[in-house]
Amino acid sequence: MNDAHEQFAAAVLEVVDRIPPGRVMTYGDIAEYLQRGGPRGVGGVMARDGAAVTWWRVVRVNGTLPVHLMVEAQTQWHHEGTPLRRGIVDVAAARWWPDAGLPSSSTITPG
Numbered sequence: 001m002n003d004a005h006e007q008f009a010a011a012v013l014e015v016v017d018r019i020p021p022g023r024v025m026t027y028g029d030i031a032e033y034l035q036r037g038g039p040r041g042v043g044g045v046m047a048r049d050g051a052a053v054t055w056w057r058v059v060r061v062n063g064t065l066p067v068h069l070m071v072e073a074q075t076q077w078h079h080e081g082t083p084l085r086r087g088i089v090d091v092a093a094a095r096w097w098p099d100a101g102l103p104s105s106s107t108i109t110p111g
């Protein structure tokens, strides 16, 4: 993995670390915030390295995660009081956006 990919992965994980309990960002939200990578790029980072962070706080735009993660995610969402609708995250109610103090694309080498 090259430096640009490592920097992108580190930036994604840092954003995920900042998402408060009971709140979420979508894969696309993180990519938009970082101005890099797109939802699939963020998803790739989460698939490889997401176990090290609060992965259940990063969801698809429809409030779901891959099927194999949903049971554990639902447990975490209930524990944290994440707004849910029919067992999935109510993204409109739970969505969070980072404050201005987090790294942005200016700290990431384009790749």
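Residue numbering for the sequence shown follows my numbering, starting at 1 and increasing by one per position. Ideal placement from N, C-alpha and C gives every residue a C-beta, glycine not left out.
Checklist entry - Across which residues does DSSP place residue 70 in a beta bridge pair? => result Along the sequence shown, one-based indexing puts residue 70 at 70. None, per the DSSP bridge assignment.
Next on the checklist: Could you compute how far the alpha carbon of residue 102 sits from the alpha carbon of residue 67?
Outcome noted: Against the sequence shown, residue 102 aligns to sequence position 102. Against the sequence shown, residue 67 aligns to sequence position 67. Confidence at residue 102 is low in this model, with a pLDDT of 49, below 50, so its placement is unreliable and the value that follows should be read with caution. Within the model, the alpha-carbon separation for residue 102 versus residue 67 is close to 31 Å.
Next on the checklist: If you measure between the beta carbons of residue 49 and residue 4, is that distance less than 9 Å?
Outcome noted: In the sequence shown, counting from the first residue as 1, residue 49 sits at position 49. In the sequence shown, counting from the first residue as 1, residue 4 sits at position 4. The criterion of a C-beta distance shorter than 9 Å is not satisfied by residue 49 and residue 4.
Checklist entry - Are three or more beta carbon pairs between the stretch 85-98 and the stretch 28-43 nearer than 8 Å? => result Touching, yes.
Item to check | Same chain, Cβ closer than 8 Å to residue 83, neighbours up to 5 away in sequence not counted | outcome: The sequence position of residue 83 within the sequence shown is 83, counting from 1. Taken in chain order, the residues that qualify are 22, 89, 90, 93 and 94.
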